[in-house]
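Its first residue numbered 1, the sequence shown is counted upward by one per residue in the working numbering.
Think of the CB as a built atom: it goes at the ideal place given N, C-alpha and C, for glycine as much as any other residue.
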Amino acid sequence: MTRRGPSDRWGAMAQLMHWSIVVLIVVMAYLGLTMVEMPNTPRKVEVYALHKSIGLAVLALVVVRLLWRLYAGAPDPLPAPRWQRWLAHGTHFGLYVLLLAMPLSGWIANAYSGFPLRWFGLFRVPQPIAADEALYDLTREIHEWLFWLLLVLALAHAFAAVWHHLFLGDATLSRMLPRRRGRAPAPLQEDSR
Ligand code: HEM
Ligand code: HEM
Numbered sequence: 001m002t003r004r005g006p007s008d009r010w011g012a013m014a015q016l017m018h019w020s021i022v023v024l025i026v027v028m029a030y031l032g033l034t035m036v037e038m039p040n041t042p043r044k045v046e047v048y049a050l051h052k053s054i055g056l057a058v059l060a061l062v063v064v065r066l067l068w069r070l071y072a073g074a075p076d077p078l079p080a081p082r083w084q085r086w087l088a089h090g091t092h093f094g095l096y097v098l099l100l101a102m103p104l105s106g107w108i109a110n111a112y113s114g115f116p117l118r119w120f121g122l123f124r125v126p127q128p129i130a131a132d133e134a135l136y137d138l139t140r141e142i143h144e145w146l147f148w149l150l151l152v153l154a155l156a157h158a159f160a161a162v163w164h165h166l167f168l169g170d171a172t173l174s175r176m177l178p179r180r181r182g183r184a185p186a187p188l189q190e191d192s193r
């Protein structure tokens with residue numbers, strides 16, 4: 001596959017999408033966990049609607065991110081033992097699967113609930129599944145369990161990034177962050193001038 005992004009760090013687009021999705025997942029977790037405890041008022045309906053609309057936006061963003069990843073590729077891997085590279089690949093793959101499965105399971109659960117789905121009140125989102133209470137219960141349980149799985153994997157992933165930065169002193173984390181202003185580029189090697 002041809003790489004179109006930089007070779008030593010993640011490009012601006014990949015960084016922007018990574019961190020926007022992180023922020024949106026935190027917002028979604030907060031909304032999801034608090035809304036289910038709310039009393040049955042019109043406010044609850046509004047928060048549910050917001051949760052579903054942002055969740056569908058996350059789904060679209062993840063699809064764009066994956067397409068961009070296929071198009072632009074990834075920077076060169078940093079030196080690391082082979083098992084660490086496989087572990088990182090496996091974790092990233094799992095995170096992508098969960099980033100897709102989370103909103104899809106929510107969408108399917110909502111379809112089984114029989115509630116209509118409007119994206120930020122703008123248009124009706126198709127839900128070509130008939131309402132079914134038992135399947136609603138099952139799919140919303142799946143939605144919840146996928147969330148706990150995502151939480152565990154994302155925490156392990158963030159912990160590994162911080163560990164690399166603080167204790168191994170490598171560029172794993174800094175190359176997923178914007179370049180610091182005023183910082184001179186690393187000097188060229190004798191043989192690469
Ligand atoms: C990134 C995407 C998403 C995340 C991280 C997320 C997270 C959550 C969380 C943490 C809960 C609370 C679970 C519980 O304690 O029972 C929840 C509930 C729920 N989510 Fe999502 N969600 C996402 C996307 C969606 C989407 C796209 C929809 C629908 C289109 C949706 C529909 C629902 C519904 C209907 C519930 C409530 C289930 C109930 O009443 O028990 N979610 N979500
Ligand atoms: C909801 C939370 C998060 C999710 C879903 C997530 C997801 C991902 C995914 C899927 C990748 C792989 C990129 C690719 O190969 O295309 C990645 C890379 C990365 N993430 Fe996250 N991430 C999250 C939170 C964090 C946090 C909190 C940090 C830092 C503390 C972080 C630091 C990084 C770094 C440094 C990379 C690049 C790793 C490398 O170059 O091998 N992520 N993230």
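Residue i, DSSP secondary structure in three states
i	result
W10	coil
R118	strand
H4	Checking the displayed sequence, the identity of residue 4 turns out to be Arg instead of His. Coil.
L50	helix
R181	coil
L173	coil
V36	coil
Best match in the options for proximity to residue i [C-alpha to C-alpha]
i	options	result
L50	H157, P77, G106	G106
P178	R4, L16, G5, V63	L16
Y112	G94, E133, L98	E133
T91	A131, R181, A161	A161
L138	L173, F159, N110	N110
G5	L168, F167, W68	W68
F120	S20, A12, D8, E46	E46
L168	A80, G114, L122	A80
F115	F123, A131, G94	A131
P77	R9, H165, A156	R9
Residue i CB to nearest heavy atom of ligand 4 below 8 Å
i	result
V152	Here the bound small molecules are ligand 1 and ligand 2; ligand 4 is not part of this structure.
query = Is there contact here, the region 18-35 with the region 43-60, by at least three beta-carbon pairs under 8 Å?
reply = A contact exists between the region 18-35 and the region 43-60.
request  = Determine, using beta-carbon pairs with one atom in the region 84-103 and one in the region 137-147, whether at least three such pairs fall under 8 Å.
outcome  = yes
query = Do the region 125-141 and the region 75-91 touch if we need at least three Cβ pairs shorter than 8 Å?
reply = no
inquiry  = Residues around ligand 1, please: the ones whose beta-carbon is closer than 6 Å to some heavy atom of it, in chain order.
reply    = I25, M28, A29, G32, L33, V36, H51, K52, G55, L56, V58, M102, P103, G106, W107, A109, N110, L117, R140, H143, E144, F147
Runs of alpha helix (DSSP H) wholly within the region 54-139 (minimum 4 residues, chain order) = Entirely contained in the region 54-139, the alpha helix (DSSP H) runs reaching 4 residues are, in chain order, 82-113.
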